[in-house]
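A.B. asks: Quick note: the sequence shown uses numbering that gives the first Met the number 0, first residue 0, plus one each step.
Each residue gets a CB set at the ideal place from its N, CA and C atoms; glycine is no exception.
As the structure is a prediction and not an experimental result, all values here were calculated from the model.
I'd like to ask you about the structure that follows.
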Amino acid sequence: MPQDLFGIHAKALELRSERMGVIASNIANAGTPGYKARDIDFAAALKSASNGADIESAAQSATQYRIPVMPSLDGNTVELQNEQLAFSENAVGYATTLEFIRSRVDNVKRALRGE
């Protein structure tokens, strides 16, 4: 059971991956007129997933439109600097969670080898 071995970290990794996709979509559409930037409220999605919701449902229910500081005249709400910052922060969280999972796998491997 991966959930027992990795606890909440397996869900966190999947949610961070989902969030990375949403933010990347925002960045890709920075020049698209009328595009509305979105983001996943990671804490809300993780809480939902922890309460039994599947990852996609948890991510979808926690997805919100961003409120821009300075909306563009063409209706696009992507603020590239904010998106890049959110992407970087999420990438650090992803790497940290992945490293924790790798550490758990290494511990299990050592235990199985009797080390």
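(1) Give me the DSSP bridge partner(s) of isoleucine 39.
(2) Starting from the N-terminal side, write out each stretch of the beta strand (DSSP E) that is 3 residues or longer and does not extend beyond the region 50-104.
(3) I need the DSSP call for glutamate 114, collapsed to helix, strand or coil.
(4) Which whole-angstrom value is the C-beta distance of leucine 45 and isoleucine 100, which I expect to be below 8 Å?
(5) Could you pull the start and end residues of the alpha helix (DSSP H) that alanine 11 belongs to?
(6) Can the beta-carbon of asparagine 75 be found closer than 7 Å to that of methionine 19?
(7) For aspartate 38, tell me which candidate among Ala57, Ala94 and Val21 has the shortest Cα-Cα distance.
(8) What does the alpha-carbon distance come out to for the pair leucine 79 and arginine 65?
(9) Enumerate in chain order the residues of its own chain whose CB-to-CB distance from alanine 85 is below 6 Å, with the five nearest sequence positions on each side excluded.
C.D. replies: According to the structure data:
(1) BP columns for isoleucine 39 point to Thr62.
(2) 62-64
(3) coil
(4) Not a contact, Cβ separation roughly 15 Å.
(5) 7-27
(6) no
(7) Val21
(8) Between leucine 79 and arginine 65, the C-alpha separation is close to 12 Å.
(9) Ile22
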